[in-house]
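Chemist:
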Amino acid sequence: MTDLIFSPEAIQYAQALASAERIALMIRGHLAGKAIPLQESTLSAEVEHVFMATATPYRREAVLSDADRVDFLVGTIAVELKVRRISDGDLDDQLGRYAESRQVSGLVLVAPWGPRLPRYVIYGKPVLLCIHPGIGRL
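Take a look at the structure:
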């Protein structure tokens, strides 16, 4: 039997993916069945409640660079909230800038819609979509 050897990058990616999936699952579980007004402040309060209720350490409005501030940073997972649709190109640009940060190992997008794929990779970092159709349904 041959021992498998994984590169440090592969291990880091797997850890980031597992963390992002755990965060997305917590948020999905909390938002399930809820109707949320089309206001980012309300969605932000709901997501913050998840982190507080589970004693998950986080930073709100975390500064990643002079130009970039992510809604939440949970460990090294950036959590971005969107209530209004923006173009896939603009979204990819924004998430790409976040992914370029050394502070970020993975990303979770919480929105009532999502790009073409439920999971994808930007700059070698996993991006998970936490799509909640109840946002803006009041």
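Take the sequence shown: its position 107, counting from 1, is numbered 110 in the working numbering, and each next residue is one higher.
Note that beta-carbon positions come from the ideal geometry of N, C-alpha and C, so glycine has one too.
Nothing here was measured: the structure is a model prediction, and the numbers come from that model.
1) Going straight from the alpha carbon of residue 124 to that of residue 10, what length do you get?
2) Around the Cβ of residue 101, are there at least 16 other Cβ atoms within 10 angstroms (buried) or fewer (exposed)?
3) Can you find the residues in the same chain that come closer than 7 Å, C-beta to C-beta, to residue 43, ignoring five residues on each side of it along the sequence?
4) When we look at the beta-carbon of residue 60 and count the other beta-carbons within 10 Å, is it buried (16 or more) or exposed?
5) When the Cα of residue 49 is compared with those of 128, 113 and 131, which residue comes out closest?
6) Taking contact to mean 3 or more Cβ pairs, one atom from each stretch, closer than 8 Å, check whether the region 87 to 95 and the region 66 to 74 are in contact.
7) Where does residue 9 sit, in a helix, a strand or coil, going by DSSP?
8) Here's the rule I'm using: 16 or more other beta-carbon atoms within 10 Å means buried, otherwise exposed. How should residue 29 be labelled?
9) Distance, Cα to Cα, residue 23 vs residue 38?
10) Please confirm if residue 25 has its CB atom under 8 Å from at least one CB of chain D.
11) Tell me the rounded alpha-carbon separation between residue 54 and residue 104.
12) Indicate the three-state DSSP secondary structure (helix, strand or coil) for residue 86 in the structure shown.
13) With H, G and I counted as helix, E and B as strand and the rest as coil, what does DSSP make of residue 141?
14) In chain order, which alpha helix (DSSP H) runs of at least 4 residues are fully inside the region 51 to 126?
15) By the three-class DSSP mapping on this structure, what secondary structure does residue 28 have?
Modeler: The short version:
1) 18 Å
2) buried
3) 84 and 86
4) exposed
5) 113
6) no
7) coil
8) buried
9) 23 Å
10) The structure shown contains no chain D; it holds only a single protein chain.
11) 22 Å
12) coil
13) Bear in mind that a pLDDT of 48 at residue 141, under 50, signals an unreliable position, so the number given afterwards is only what the model happens to contain. It is coil, neither helix nor strand.
14) 91 to 103
15) helix
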